[in-house]
Amino acid sequence: MSAIRIGNCSGFYGDRLSALREQLDGGELDVITGDYLAELTMLILGKDTMRDADLGYARTFLTQLEDTLGDALSRGVKIVSNAGGLNPAGLAAKVRELATGLGLDVNVAHVEGDDLRPANLYDGALTANAYLGAFGIASALTAGADVVITGRVTDASVVVGPAIAHHGWKPTDHDRLAGAVVAGHVIECGTQATGGNFSGFIDLFRAGRPMTEPLGFPIAEVAADGSSVITKHAGTGGAVTVDTVTAQLLYEIQSTRYLNPDVTTRLDSVRLTEVGTDRVEISGVTGAPPPERLKVAVNTVGGWRNQAEFVLTGLDIDAKADWVRAQLDPRLTADEVAWSLSGHRAADADTEEGASVLLRCVVKDPSPDAVGKAFTGPLVELALASYPGFTMTTPPGKPSPYGVYRPEYVDRAQVEHTVVHADGTREVIADPGTYLEQVAPEELDPDLGRRPSPYPAPADTITRRMPLGAFVHARSGDKGGDANIGLWVKNDGSPKYEARVTWLAKLVSQRKVRELIPEAADLDVDVYVLPNLGAVNIVVHGLLGDGVAASTRFDPQAKGLGEWVRSRAVHIQEDLV
-8 MSAIRIGNCS GFYGDRLSAL REQLDGGELD VITGDYLAEL TMLILGKDTM
42 RDADLGYART FLTQLEDTLG DALSRGVKIV SNAGGLNPAG LAAKVRELAT
92 GLGLDVNVAH VEGDDLRPAN LYDGALTANA YLGAFGIASA LTAGADVVIT
142 GRVTDASVVV GPAIAHHGWK PTDHDRLAGA VVAGHVIECG TQATGGNFSG
192 FIDLFRAGRP MTEPLGFPIA EVAADGSSVI TKHAGTGGAV TVDTVTAQLL
242 YEIQSTRYLN PDVTTRLDSV RLTEVGTDRV EISGVTGAPP PERLKVAVNT
292 VGGWRNQAEF VLTGLDIDAK ADWVRAQLDP RLTADEVAWS LSGHRAADAD
342 TEEGASVLLR CVVKDPSPDA VGKAFTGPLV ELALASYPGF TMTTPPGKPS
392 PYGVYRPEYV DRAQVEHTVV HADGTREVIA DPGTYLEQVA PEELDPDLGR
442 RPSPYPAPAD TITRRMPLGA FVHARSGDKG GDANIGLWVK NDGSPKYEAR
492 VTWLAKLVSQ RKVRELIPEA ADLDVDVYVL PNLGAVNIVV HGLLGDGVAA
542 STRFDPQAKG LGEWVRSRAV HIQEDLV
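First residue of the sequence shown: -8, per my numbering; consecutive thereafter.
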């Protein structure tokens, strides 16, 4: 059976509106998928439902469909999207309403059962959603759905589901499912697989790649054996290379095992091969039974927050910062007050901005009063009574609510994964029946791939001190309160590639991570080696506190963390440079 061609048109709620049209018109596809949900998005949708219980879905998806639904139907292209968020039934009804207004006859199915709020399992939860798998999507497509709307399925499931339906896979086809999970993970974040957020962007510019044009959205051609080719439509911007695919593959993962509701994917088995211009093959992926329990994303309203940024210019920066803090700290009543000083202190700067740094103050409290006028009033009163050159980046604002994310786990028996088909019939998707916990430990060592520490490089080598990024790429992000950093050696054809991979695996220990990221000094750090990818994956537990919405860090989603790590100076063996 031929491969199924699955294109992605969204990596987040707010992604390029024209992407669905671009994917539809750019070339032949069987399915177009859209990923609109993230941990923060679920919080945003939860707040929407507080204002209007009929909301809770990604409304931009309807805007995209209004322009494209007729063409998709006429070309036989299926659309699968998790834009349903907290209200997949509501969005499915809106799609039917839209189709009727356009004079179209469309079969719309939706997947539900992920929303655990009615079960009251988590006190005070604004949202509580179990991550569902792909077999519900597959069943909907097999029954003839043109559009499938889901709630909180895993990001990869919108790709795995169509592959299951097309190839007729069973729950026990672990290697095939695992391969599709990898393909889904690579294309789920849209243009991050085609050069977006890529640390090697300069090399792509030098190679004459069309990086100033809108980056093309990725496509996965998933074969019957679970292998795939990642590509994009011809003539679109960006690039698909082993490095751009590796960047997304290492994004926001944890250990060498990627746990999904349908399968446990062995990331250390993944092999990437360039098979043509903008064509990268993913092969060799192996899988095992899925975990017995499902992960649940829980968001609660944590309280209220506010912040202010003071501009400190010229001389005596530290003294100016100390004075502001000494004036304000005694007057602030918020439960949590966090200060940070950022910016480069240039000597004899030739611009005022170059001579300035930012002093940031973030306050959080259960009550809006403590972060409202009780915070902004004392700030304003300092305008003529504090350090020389007193100014702020913006006037003090109003308090805003923030959410706290936490992962939980639930028995599958408490989750009813249900498909509501286009004709209104309901189908409950059976659990897999065999689970990872039933596999003998010697077959799946939980520490396999974990980096031993310490594991120092040989002491007698000649080294040069230079940035880690001299030949190492990085991609970083958030998983709740944890930060993930993937580091891998550039695939530039260098004869030193294998030696560089060995060096990177020796260099990056838990101790070295804490040295490169001083804020991690007292945190738990995991390092995993992925030799097939020339990579190591780092998880810094708790670096982001209670997650993006509650974090007081300068970079609450750890998006720039990898770039900072690449810029840190390390001792590199002379013969590797």
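The C-beta atom is built at its ideal place from N, Cα and C for all residues, glycine as well.
query: Should K389 be labelled buried (16 or more other beta-carbon atoms within 10 Å of its own) or exposed?
result: exposed
- prompt: Below 8 Å, can you find three or more Cβ-Cβ pairs linking the region 477 to 485 to the region 238 to 258?
  reply: yes
- request: Please confirm whether L535 and G484 have their CB atoms less than 8 Å apart.
  value: no
- prompt: Would a C-beta distance cut-off of 8 Å place A(-6) and A214 closer than the cut-off?
  reply: yes
message: Rounded to the nearest angstrom, what separates A413 and I193 at their Cα positions?
response: 48 Å
query: Based on the DSSP secondary-structure assignment, which residues constitute the bridge partners of R255?
result: Sequence check: residue 255 is Thr here, not Arg. DSSP, once it has assigned bridges, lists L250, A279 as partnering T255.
message: Comparing C-alpha positions only, which one of S130, N482, A299 sits nearest to V233?
response: N482
message: Out of G2, T163, F52, G47, which one is the CA nearest neighbour of I178?
response: G2
task: For L132, name the three-state secondary structure that DSSP assigns.
output: helix
query: For the candidate residues G76, A90, R42, whose alpha-carbon lies nearest to that of L60?
result: A90
query: Between D6 and L375, what straight-line distance do the alpha-carbon atoms span, to the nearest angstrom?
result: 43 Å
query: Anyone know if the C-beta pair for R(-4) and E212 falls short of 8 Å?
result: yes
field: Span separating the alpha-carbon of T227 from that of A288
entry: 35 Å
message: Quick check: the Cα distance between D513 and K503, rounded to an integer number of angstroms?
response: 13 Å
query: Quick one, are the C-beta atoms of Q298 and L373 less than 8 Å apart?
result: no
query: In the structure shown, what three-state DSSP assignment does A325 receive?
result: coil
task: Could you check the C-alpha separation between E327 and R559 for me, to the nearest Å?
output: 31 Å
Sub-8 Å separation of R557 and L427 beta-carbons: no
- request: Answer yes if the region 389 to 401 comes into contact with the region 530 to 549, meaning at least three C-beta pairs across the two stretches below 8 Å, and no otherwise.
  value: yes
query: So what's F208 in DSSP terms, helix, strand or just coil?
result: coil
field: beta strand (DSSP E) segment containing E554, residue limits
entry: No beta strand (DSSP E) holds E554; the alpha helix (DSSP H) holding it covers 552 to 558.
- prompt: Looking only at its own chain, which residues have a Cβ that is under 7 Å from the Cβ of V71, when we skip the five neighbours before and after it?
  reply: V22, T24, I128, V139, V149, G152, P153
Assigned exposure category for L93 - 16 Cβ within 10 Å defines buried: exposed
- prompt: Going by C-alpha distance, which of L507, P387, A461, G525 is nearest A490?
  reply: G525
Beta bridge counterpart(s) of V411 as assigned by DSSP: H101, R417
message: Can you find the residues in the same chain that come closer than 8 Å, C-beta to C-beta, to L567, ignoring five residues on each side of it along the sequence?
response: F462, K487, A490, R491, W494
field: Sequence-distant residues of its chain with Cβ nearer than 6 Å to P162 (five each side left out)
entry: P423
7 Å CB neighbourhood of E19 in its chain, flanking five on each side removed: R(-4)
Local Cβ density within 10 Å of F196, reported as buried at 16 or more and exposed below that: exposed
For G104, the nearest candidate out of H464, E418, P205 (CA to CA): E418
query: Ordered along the chain, which non-local residues of its own chain (more than five positions away) have a Cβ less than 8 Å from that of R569?
result: Since the first and last residues shown for the chain are -8 and 568, residue 569 lies out of range.
query: Sorted by chain position, which residues of the same chain lie with C-beta nearer than 6 Å to E272's C-beta, five sequence neighbours on each side aside?
result: V220, T264, V266
query: Quick one, which of A325, D39, E506, N111 has its alpha-carbon nearest V362's?
result: A325
query: DSSP state of L534, grouped into three classes?
result: coil
- prompt: Could you give the residue range of the beta strand (DSSP E) that holds V86?
  reply: Looking at the DSSP string, V86 is not in any beta strand (DSSP E); the run it does join, the alpha helix (DSSP H), is 79 to 92.
- prompt: Thinking just about the alpha-carbon of each residue, which of T384, G278, G217 is nearest to the one in T(-8)?
  reply: The sequence given here has Met at residue -8, not Thr. Minimum Cα distance to M(-8) is reached at G217.
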